[in-house]
Amino acid sequence: MRLQSDLSFLLFQNAVFCFVLGLPAMRRSLTDRGGLIMLGICSLVMTTVVTGMSGVYRMLLPDQYAALLMPVCLAVTAAVLDLLILLICTAASGVLGRWIAPILHSAALSGAVIGSALISGTQTYDIPSAFRFGFRSGISFLLVCILLRTAQPAWNSQKMPAAVRGWRGMLLLTALMTMSAACMAAGMES
Amino acid sequence: MESSLLRRNPVLRELLCAAPLIMLTETVQQAGMLCAAFSISALLTVLLCALIPRRVLFAVRVVLYSVIAALVYVPSVLAAEYLLPDAGSSIYLALLAEGLLLSAAFDSMMEKQSLHKMLREIFMLLVSVNVTILFFGMMRELLGCGTLAGRICLRHAPLPLLGTPAGGMLLLALFCILSQVICGADRREERRDAASE
């Protein structure tokens, strides 16, 4: 039952297919050195921590200001986490730090991280469930990154028309996958 | 202007505000609210971020930019709700300014030395993004619902799919491809003109 719930979450409450989050970061990652998979991994770590922290902030912030102040708290958390991971990576190896910096910045500013944390406010009520929501949301984003990376030879192929090749092909493919997920969700409901 | 709308349009080139654009522009009214919120948040974000000295370490500057963008969410949401109270606010408005930080247009504005040049770039950015958002909203409402600003224009909605997020994403992809086709045709024409001269 739990497995079924997790699988349906990955498909029907997917950060990309359902909430359209993280598209600019995915487009930017194609020009960065790390690429889509690294963005997915960084986003997974950040989404889990930031969404989990949103559960903490919900308990601390006064109700009347929570909606307005929550994005500020989440942005600060994502930015501090970005800086911390960067410091750890740079301390381990200067090359690693320089390589991961643009990917980390993209992930920290990505809608997949802050958007998931904000959406979790409507679906979770305590800290552990907020962490779980963040982890599942991060996994769903990583899954889409892996799917798109697997299909990269097709949408980046020279056989594709020039106007559709590259990130535009990726966006078109994402739109078609979103439509498929919506159709499957409707089929399951009926 | 033509270059800002097509060749350097951050929505069609870098998917700036993709999530709010797809989720919040089912009608022209919603598109108007998004335009107001984006204009306020982009203007405030760029002006406040420009105050941070360039000598500050880049990693620290990113942190400060991100915090400023999140702080700007508060006045932009309040203003959007005041301007269009019926349209309602959304969590997607919080992603507007954060998304701007990922665009090359923002990097370019931060590199500008003079205030005049920076203001000119902000103006062009706002024009290009707002025109795109409004056009996108119009197309979605007209084709998805058969109405325009609430008035019935078509007896049947030709493409109800466009009212859904998946349809919005597909339309955005088609807009991006179309802009690339037009730009590609322009470039080929320019090259042909240059060769004939």
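Chains as they are written, first to last, in our numbering: chain G, 2 to 191; chain R, 256 to 452. Just so it is clear, CB atoms sit at the ideal spot from N, CA and C, and this is done for glycine as well. These numbers were taken from a predicted model, which means no experiment stands behind them.
- Look at T282(R) here: in three-state DSSP terms it is coil, with no helix or strand label.
- The Cβ of S321(R) sits closer than 8 Å to at least one Cβ of chain G.
- Remark: C-beta atoms of A131(G) and A109(G) do not approach each other more closely than 8 Å.
- Residues of chain G whose Cβ lies closer than 7 Å to the Cβ of V436(R) are, in chain order, A164.
- In the structure shown, I307(R) falls within a coil segment according to DSSP collapsed to helix, strand and coil.
- Per DSSP, the beta bridge partners of L403(R) are R406(R).
- Contact between R169(G) and C290(R) fails: their C-beta atoms lie close to 24 Å from each other, not under 8 Å.
- Assignment of M364(R) by DSSP, reduced to helix, strand and coil, places it in the helix class.
- For the pair of segments examined, the region 396-403 of chain R was found to touch the region 416-427 of chain R: the number of CB pairs separated by less than 8 Å reaches three.
- With a 10 Å radius around the Cβ and a threshold of 16 neighbouring Cβ atoms, E366(R) comes out exposed.
- When the beta-carbon positions are compared, C90(G) and I104(G) stay at least 8 Å from each other.
- In its chain, beyond the 5 residues on either side, F10 have a beta carbon closer than 6 Å to the beta carbon of R137(G).
- Close to chain R, meaning a Cβ-Cβ distance shorter than 8 Å, are the following residues of the region 131-165 of chain G: A163, A164, V165.
- The closest CA to that of Q285(R), considering only C408(R), R263(R), I388(R), L355(R), is found on I388(R).
- Straight through space, the alpha carbons of S321(R) and V311(R) are spaced by roughly 15 Å.
- Look at D127(G) here: in three-state DSSP terms it is coil, with no helix or strand label.
- When the five nearest sequence neighbours on each side are left out, the beta carbons in the same chain lying within less than 7 Å of the beta carbon of M54(G) are those of T78, in order along the chain.
- Secondary structure at G170(G): helix, using DSSP grouped into helix, strand and coil.
- With a contact defined as Cβ atoms closer than 8 Å, A314(R) and L87(G) qualify at about 6 Å.
- Chain G places a beta carbon closer than 8 Å to that of L350(R), counting this residue as a contact.
- Taking the Cα of G392(R) as reference, the smallest distance to any Cα among R268(R), L270(R), L306(R), M288(R) is reached at M288(R).
- Secondary structure of N264(R) (DSSP, three-state): coil.
- Within chain R, no residue has its beta carbon less than 9 Å from that of M60(G); the closest one is some 19 Å off.
- Taking CB atoms only, C431(R) has a neighbour in chain G less than 8 Å away.
- Residue-level contact by beta carbon holds for L270(R) and chain G, with a gap shorter than 8 Å.
- Straight-line spacing of the CA atoms in L174(G) and G135(G) works out to 25 Å.
- Between the alpha carbons of M373(R) and E269(R) lies a distance of about 20 Å.
- Here DSSP, grouped into helix, strand and coil, assigns V21(G) to coil.
- The beta carbon of A335(R) sits closer than 7 Å to those of M288, A291, A292, S344, L348, all from its chain and outside the five residues before and after it, given in chain order.
- Between L261(R) and chain G, the shortest Cβ-Cβ separation is not below 8 Å.
- Inclusion of A26(G) and A113(G) in the CB contact set at 8 Å is warranted, their separation being smaller than that value.
- Rounded to whole angstroms, the separation of the alpha carbons of Q5(G) and T32(G) is 36 Å.
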